[in-house]
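In our numbering, the protein residues as written are 332 to 741. Just so it is clear, CB atoms sit at the ideal spot from N, CA and C, and this is done for glycine as well. Values in this document were obtained by computation on a predicted structure and should not be read as measured data. Worksheet: the structure to be examined is printed underneath.
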Ligand SMILES: [Zn+2]
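Now the structure itself:
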């Protein structure tokens, strides 16, 4: 019956912290604080009390016979007009895991963590709390951040008892934990499990990302007077390249490893209907779970764009916007997760995560695995976000089994 309790808690939280437009638990704001207060009330029924670290992450400890620790976590914050499951599912499932162990002392210590500001929806920095804990947060990158109403991040944090200059202490605090595993249940936020008609999947890791701006430069010219063979059309070179980037993704996709390439923006100059575009900028985002595959995809994209530029008598320049390494999860925990999912659903599909998660920040520091539950219509970060109730129940049961197995094996 306990999966039903988790769902009941999720509904109670949604009712308390949503409007007709969806969840409103924006990090560092009053509704998010309400959500944490509500959760502290739930914890008090187990005699447990949360403690907030230097970065605003909220930790709950259930001491066990050993200091060896299994961390179970996710985040209570949401985007504005967000869904009821993103983040909250993982925290409520973790609460249920603690509840199961609360009346018998577990052989290892259990910690539940509610990461602060996973979404970065207000100040634009995702994984804020978990990156502080992992030590990857650069304070210079965040000190100047301001939300769209002009409030500074440093002030919003201070209002919540967090001093930016002390945030990185959270890393030292994390290192005092003898962490043997980090487990997170999350909604997939994509269409893959639903398309396979599977309730639950084992997550292999989070994609590495290579994000570049490509600037094609030819020559702007009159669209009426310039014959086609004499043109140096920067847009056509960009467009041909974009089609080839799709081929690169197709070529590197195997039945067990999916990769993606996306051209998400395009801008032309002079940008008028009567001129051949002299400049075209496109943004390319490439993602893969395997670092070698990602590097190969990037090299191929560069080569093909340069060939196409030459053929169109234009030049192309690449500029990196952002990069993150792939974060493959722990092989032993992946096997335990596979067993747990198989026990409950009979089959354990494996898939990478396209979105980043707090789990990715933990991966360099301890063995990590995530479990996904299916997303209805692949939707997330909106009020339509949902999972069929039977899928939710099976996912929660499978996750609770994963916790049991991990506790018994670390
Ligand atoms: Zn999330």
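DSSP-derived helix/strand/coil call for residue i
i           : result
residue 455 : coil
residue 687 : coil
residue 446 : coil
residue 359 : coil
residue 516 : strand
residue 653 : strand
residue 349 : strand
residue 703 : strand
residue 543 : strand
residue 402 : strand
residue 600 : strand
residue 659 : strand
residue 468 : coil
residue 334 : helix
residue 713 : coil
residue 572 : helix
residue 722 : helix
residue 536 : strand
residue 507 : coil
residue 371 : helix
residue 607 : strand
residue 612 : strand
residue 526 : helix
residue 460 : helix
Beta-carbon proximity of residue i to residue j, cut-off 8 Å
i           : j           : result
residue 554 : residue 605 : yes
residue 658 : residue 475 : no
residue 703 : residue 531 : yes
residue 412 : residue 668 : no
residue 463 : residue 573 : no
residue 563 : residue 643 : yes
residue 347 : residue 363 : no
residue 391 : residue 342 : no
residue 611 : residue 565 : yes
residue 571 : residue 639 : yes
residue 541 : residue 629 : yes
residue 749 : residue 467 : Residue 749 cannot be examined here, being either before or after the span of the chain that is shown, 332 to 741.
residue 645 : residue 568 : yes
residue 419 : residue 734 : no
residue 742 : residue 664 : Any property of residue 742 remains undetermined from this structure, which presents the chain solely from 332 to 741.
residue 576 : residue 615 : yes
residue 619 : residue 539 : yes
residue 381 : residue 371 : yes
residue 426 : residue 373 : yes
residue 715 : residue 518 : no
Contact set for residue i: own chain, Cβ-Cβ below 6 Å, skip 5 residues either direction
i           : result
residue 534 : 684, 701 and 703
residue 487 : 359
residue 461 : 446, 689 and 692
residue 510 : 400, 402 and 697
residue 383 : 389
residue 493 : 387
residue 423 : 337, 340 and 341
residue 483 : 477
Spatial neighbours of residue i in its chain, beta-carbon cut-off 7 Å, leaving aside the 5 residues before and after
i           : result
residue 633 : 649
residue 521 : 685, 706 and 709
residue 500 : 385
residue 354 : 345, 348, 409, 413, 414 and 415
residue 523 : 682
residue 430 : 377
Residue environment, residue i, which counts as buried when at least 16 other CB atoms sit within 10 Å
i           : result
residue 653 : exposed
residue 719 : exposed
residue 721 : exposed
residue 559 : exposed
residue 453 : buried
residue 408 : buried
residue 507 : exposed
residue 335 : exposed
residue 375 : exposed
residue 727 : buried
residue 437 : buried
residue 529 : buried
residue 404 : buried
residue 417 : buried
residue 759 : The first residue shown for the chain is 332 and the last is 741, placing residue 759 beyond what the model contains.
residue 603 : exposed
Own chain partners of residue i with C-beta closer than 8 Å, once the 5 adjacent residues on each side are dropped
i           : result
residue 624 : 583, 588 and 590
residue 736 : 667, 670 and 671
residue 472 : 456
residue 609 : 548, 549, 550, 551, 552, 563, 565, 600 and 601
Chain D within 8 Å of residue i, Cβ atoms only
i           : result
residue 468 : Within the model displayed, chain D is absent; a lone protein chain is all it includes.
Subject >> Nearest-residue set for ligand 1, Cβ under 5 Å from any heavy atom >> reply: 417 and 418
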